[in-house]
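Chains as they are written, first to last, in my numbering: chain G, 6 to 385; chain H, 3 to 358.
Quick look at the structure:
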């Protein structure tokens, strides 16, 4: 789960990481009031879950409260990477002397958290990682000790910071690791970490992603979830424990297991179709999950055919078949349904489906081809 | 022969709740020696003839269990793995899905210190995996046993049902399996592709290998490089998620293309560069493997010859004339595959990391 900048900065502040004073606003008038309270020049920043906010015109400097109102009005009408801006963060403007990139994240290859630091702050770190990996310092962090102050100081020195600046930066990095670890973050990033002309170190921006699997022990973070951009389908999927990723094709896929669901998407594409989604109903089947899955998929108006791909192991094919029949009773499904079932209790499943005149194939390839034909209006 | 589980495997089940007891029964029915279950509240009783104990240490001492399988729900899963590491079993299979990444970082940190003094043991497989099976001998997991068939194909995969799909295809094609290992779909897991490849290479009962990867991370890339250097048995690879959008988690916690890396295309390229044929779709796997096993290793390791890429749009079994590789029929065994040496850092002796 990604946090907004203002939410991440709350975590930073609690951990003692200096940030510029900021106030969240949802209307131009609120932005004006916020600028008034902060005083002096401010920066108005769009709060959306996407990168490239600056390039999209979502970050603007305002010298007066009136100007802040005006800029906020413009930003609040923007959509950045398809996401409408609903909130802005009004924050005091600072005079920047230097910018640094700093992040703590999990390095999968070494199975440790690492500190990533680069003198090229404010940059696109992903791009730099590809084009100039040498410009990024990577320090593995031992779990027993955490990020040690001397490691942080030495890292700051290595990227050219000296004296007090290095100390101030090192202090922020140690605290950043504390935020990372205590909040179960998968990423805690400051980009840029700036030194102001007054010699102060500040987190000018903040990005924190929380490990979804750890949210059960962070009610306060769960409460920060912003569902405004989620579709009804995504929300239902989360509530029912289904993995769902909408895509832009027209064949709705319902599959058990993530690997098989990915392979199903790939196969649809391989045979010339386009998947409308990734949807994993999970390992143990209960008919209710099947109903929820069909509700999600039928809520997507671009879907022209629905493909079930079930390999019964722990998932019992008869449970899935019952779920399909229940869903047909509860929902109006006016697109063709193609079912592939094999494995545990498949014969029973076939009998159940036959009650409603439905049939099922046993081969994944055949199922996918039939779904594509159905979506093209060929096979019904 | 088989890898990691076989006739001598004695299983203890941690977490005898609804799932744990269901699968304990399933494993027993398959013929696995399920010798104990752990249930702090039902210790002293038994379930389907399996005695229940309060602690793992007691169960291991009493029943000589050497393998633990974990069904404990995610919030307590890491604790169960620590208990298993401390119990002295040789193999730990963690089925649980949804274990927090930080918990696994802690487990890994502790595990590698124990492994450094116990010569690589215990081995942890998973979490978020279906377990492993040596058909006809022993099943330590949740897979449907009946689709498997004893044979010479070793299979290692990051997924569950997709693995069943391919096992089913192999069995239908008459190609039985020596051992099928699900290493799990999490970003931090106990066993990786290289561990499994080394074991298959060393196992006389395995003649060909199927490796099933997916998007996210670089485990496949490292596996490809390892194969080129160390594996003489034929390998066929498959990568799921070729059409997955970047930045989205595809069900598995580890299946995410982040920062433009971990794409299927990247991994496929790595295998092709290493001379490993890559199936475009699952149903191509048995055919490609049969061909590779017939002709010895698909490509000589010195010349990075591209994998036999079939251009034709024909999906199903590539019934092309058997390909004659430039390599000698059966590459002689290079050297006994050694257990991959972990980057064991100076063993820290302070106690295991406690959260907050």
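In this text, a Cβ means the ideal position worked out from N, Cα and C, and glycines have one as well.
Nothing here was measured: the structure is a model prediction, and the numbers come from that model.
Report buried or exposed for residue i, applying the criterion of at least 16 other Cβ atoms within 10 angstroms of its Cβ.
{"i": "residue 82 (chain G)", "result": "exposed"}
{"i": "residue 189 (chain G)", "result": "buried"}
{"i": "residue 25 (chain H)", "result": "buried"}
{"i": "residue 14 (chain H)", "result": "buried"}
{"i": "residue 54 (chain H)", "result": "buried"}
{"i": "residue 84 (chain G)", "result": "exposed"}
{"i": "residue 42 (chain H)", "result": "exposed"}
{"i": "residue 347 (chain G)", "result": "buried"}
{"i": "residue 240 (chain G)", "result": "exposed"}
{"i": "residue 3 (chain H)", "result": "exposed"}
{"i": "residue 165 (chain H)", "result": "buried"}
{"i": "residue 152 (chain H)", "result": "exposed"}
{"i": "residue 57 (chain H)", "result": "exposed"}
{"i": "residue 10 (chain H)", "result": "exposed"}
{"i": "residue 110 (chain H)", "result": "buried"}
What does residue i reach in chain H if we use C-beta pairs closer than 9 Å?
{"i": "residue 47 (chain G)", "result": "Under the 9 Å cutoff, chain H gives no residues; its nearest Cβ is about 31 Å from residue 47 (chain G)."}
{"i": "residue 100 (chain G)", "result": "Per Cβ cutoff of 9 Å: no residues; residue 100 (chain G) is ~31 Å from chain H at best."}
Once DSSP output is grouped into helix, strand and coil, what is the label at residue i?
{"i": "residue 18 (chain H)", "result": "coil"}
{"i": "residue 317 (chain G)", "result": "strand"}
{"i": "residue 302 (chain H)", "result": "Annotation note: pLDDT 42 at residue 302 (chain H) (below 50); position unreliable, coordinate value reported separately. Coil at residue 302 (chain H), not helix or strand."}
{"i": "residue 1 (chain H)", "result": "Examination of residue 1 (chain H) is not possible in this model, given that chain H is present from 3 through 358 alone."}
{"i": "residue 218 (chain G)", "result": "helix"}
{"i": "residue 194 (chain G)", "result": "strand"}
{"i": "residue 70 (chain H)", "result": "strand"}
{"i": "residue 163 (chain H)", "result": "helix"}
{"i": "residue 303 (chain G)", "result": "helix"}
{"i": "residue 330 (chain G)", "result": "helix"}
{"i": "residue 77 (chain H)", "result": "helix"}
{"i": "residue 7 (chain H)", "result": "coil"}
{"i": "residue 368 (chain G)", "result": "coil"}
{"i": "residue 30 (chain G)", "result": "strand"}
{"i": "residue 336 (chain G)", "result": "coil"}
{"i": "residue 312 (chain H)", "result": "Caution applies to residue 312 (chain H), whose pLDDT of 43 falls short of 50 and renders its modelled position unreliable; the value that the coordinates give is listed next. DSSP places residue 312 (chain H) in coil when its eight states are reduced to three."}
{"i": "residue 357 (chain G)", "result": "helix"}
{"i": "residue 36 (chain G)", "result": "helix"}
{"i": "residue 344 (chain G)", "result": "strand"}
{"i": "residue 121 (chain G)", "result": "strand"}
{"i": "residue 323 (chain H)", "result": "With a pLDDT of 44 at residue 323 (chain H), under the threshold of 50, the modelled position of that residue is not reliable, and no figure is offered here."}
{"i": "residue 189 (chain H)", "result": "coil"}
{"i": "residue 184 (chain H)", "result": "strand"}
Kindly list, in the order they appear in chain H, the residues whose Cβ is closer than 7 Å to that of residue i.
{"i": "residue 285 (chain G)", "result": "253"}
{"i": "residue 319 (chain G)", "result": "144"}
{"i": "residue 261 (chain G)", "result": "163"}
{"i": "residue 349 (chain G)", "result": "146"}
Under the criterion of a Cβ to heavy atom distance below 6 Å, does residue i qualify as lining the ligand GDP?
{"i": "residue 139 (chain G)", "result": "With respect to small molecules bound, the structure shown includes none, and the ligand GDP cannot be examined in it."}
Please list the partners that residue i has in chain G, where partner means a Cβ-to-Cβ separation under 7 Å.
{"i": "residue 110 (chain H)", "result": "116"}
{"i": "residue 138 (chain H)", "result": "What residue 138 (chain H) touches in chain G: nothing, since even the nearest Cβ is about 18 Å away."}
{"i": "residue 259 (chain H)", "result": "Result: empty, since nearest Cβ-Cβ is about 11 Å, beyond 7 Å."}
{"i": "residue 63 (chain H)", "result": "What residue 63 (chain H) touches in chain G: nothing, since even the nearest Cβ is about 30 Å away."}
{"i": "residue 53 (chain H)", "result": "None at all; the shortest Cβ gap to chain G is about 25 Å."}
{"i": "residue 76 (chain H)", "result": "218"}
{"i": "residue 216 (chain H)", "result": "264 and 267"}
Is there a C-beta anywhere in chain C that falls below 7 Å from the one on residue i?
{"i": "residue 220 (chain H)", "result": "Here the protein chains are G and H, and chain C is not one of them."}
Which chain G residues are close to residue i, counting only those with a beta carbon under 9 Å from its beta carbon?
{"i": "residue 286 (chain H)", "result": "Ordered by position in chain G, no residue passes the 9 Å Cβ test against residue 286 (chain H), which lies about 10 Å from the chain."}
{"i": "residue 262 (chain H)", "result": "131, 132, 134 and 135"}
Quick one: which chain G residues come within Cβ less than 8 Å of residue i?
{"i": "residue 58 (chain H)", "result": "Chain G residues near residue 58 (chain H): none, gap ~24 Å exceeds 8 Å."}
{"i": "residue 101 (chain H)", "result": "218"}
Which ranges does the beta strand (DSSP E) cover as unbroken runs of at least 3 residues, wholly within the region 193 to 271 of chain H, from first to last along the chain? 210 to 216 and 237 to 242
Taking only runs of the beta strand (DSSP E) that begin and end inside the region 53 to 113 of chain G, which ones reach a length of at least 3 residues, in chain order? 64 to 67, 93 to 97 and 101 to 112
Which residues, in chain order, does the region 230 to 246 of chain H contribute to contact with chain G at a C-beta distance below 7 Å? 242, 243, 244, 245 and 246
Going residue by residue through the region 135 to 180 of chain G, where are the continuous alpha helix (DSSP H) segments of at least 4 residues, counting only ones entirely within it? 154 to 163
Pick out the complete alpha helix (DSSP H) segments inside the region 199 to 267 of chain G, 4 residues or longer, and give them in chain order. 224 to 227 and 237 to 245
May I have a chain-ordered list of the alpha helix (DSSP H) segments no shorter than 4 residues that lie completely inside the region 85 to 155 of chain H? 103 to 119
Residues in the region 102 to 120 of chain G with C-beta within 8 Å of chain H's C-beta atoms, listed in sequence order? 111, 113, 114, 115, 116, 117 and 118
List in chain order: all unbroken alpha helix (DSSP H) runs of 4+ residues lying wholly within the region 29 to 66 of chain H. 58 to 65
To be precise: take each residue of the region 212 to 238 of chain G, compare its Cβ to all Cβ atoms of chain H, and keep it if any distance is under 8 Å. Which residues remain? 216, 217, 218, 219, 221 and 222
Give me the subset of the region 358 to 372 of chain G whose CB atoms are less than 7 Å from a CB atom of chain H, sorted by chain position. 369 and 370
Of all the residues that make up the region 187 to 202 of chain H, which are near chain G by a beta-carbon distance shorter than 8 Å? 187, 189 and 190
What residues from the region 34 to 58 of chain G come within 9 Å of chain H, judged by C-beta to C-beta, listed N to C? none
To be precise: take each residue of the region 121 to 139 of chain G, compare its Cβ to all Cβ atoms of chain H, and keep it if any distance is under 9 Å. Which residues remain? 130, 131, 132, 134 and 135
When Cβ atoms are compared, which residues of the region 244 to 261 of chain G fall closer than 7 Å to chain H? 248, 250, 252 and 261
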